[in-house]
Amino acid sequence: MQQTVLRILAYPLAAVALAALWSLRPVAEERSGITEFGRVSWAETQPRVAAGEWLLVDARDEEHYTAQHIPGAISLPSHVYPEMLQFFAEDHGTEKTTVVYCGTEDCNVSTELAVRLRDEAGLADVRILDGGFLAWQRSQ
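Counting with the numbering used here, you get residues 103 to 242 for the letters of the sequence shown.
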């Protein structure tokens, strides 16, 4: 009977503990630097990309990029090898503002690539396109 009572209590306690840990996830992401990228709108990004002041990077896979992408965007899927990030930095430099996008507002692929561009390729100013590809589509 004592084991039954322990089992009955253990499941709810485990659920509460998991919920508490899950709630700390944003704090851990913030401390790791994942969420520290500035977000920019398409209205702010478009003229700077058109003027050649900023780079626009599509973090989606090659299939999505080939199907449709924002004009002027460079394809650099988030899962590329580290060497590709270095080639990107050599080709485009590390000082120019780079705006990364993926499919939608909820897509984390752009943030993953932004972290890699900053940490592995040494880019100084990486930002996220607010709303991603979907925001651009809606603006057309």
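Note that the Cβ used here is the ideal one computed from N, Cα and C, for glycine as well.
Computed from a prediction, not measured in an experiment: that's the story for all the values here.
- Taking a C-beta distance under 8 Å as the contact criterion, P179 and D193 do not qualify as a contact pair.
- Per DSSP, reduced to three states, the secondary structure at S177 is strand.
- With fewer than 16 other Cβ atoms from the protein chains shown falling within 10 Å of its own Cβ, Q170 counts as exposed.
- CA-CA distance, S241 to G140, rounds to 20 Å.
- For V182, no alpha helix (DSSP H) run applies, since DSSP gives it neither H nor E.
- Per DSSP, the beta bridge partners of Y203 are D160.
- With distances taken between CA atoms, Y203 lies nearest to A175 out of E165, P149, A175.
- Here V151 is not near R229, since their CB atoms are 8 Å or more apart.
- L236 carries a helical assignment under DSSP once its states are collapsed to helix, strand and coil.
- Burial check for Q188: the Cβ neighbour count within 10 Å stays below 16, so the residue is exposed.
- Per DSSP, the continuous beta strand (DSSP E) segment holding L231 begins and ends at 228 to 231.
- Nearest Cα to V201 within the set P149, E138, W156, A145: W156.
- Non-local beta-carbon contacts of A216 in its own chain, meaning distances under 7 Å to residues more than five positions away in sequence, involve F139, V202, V228, I230 in chain order.
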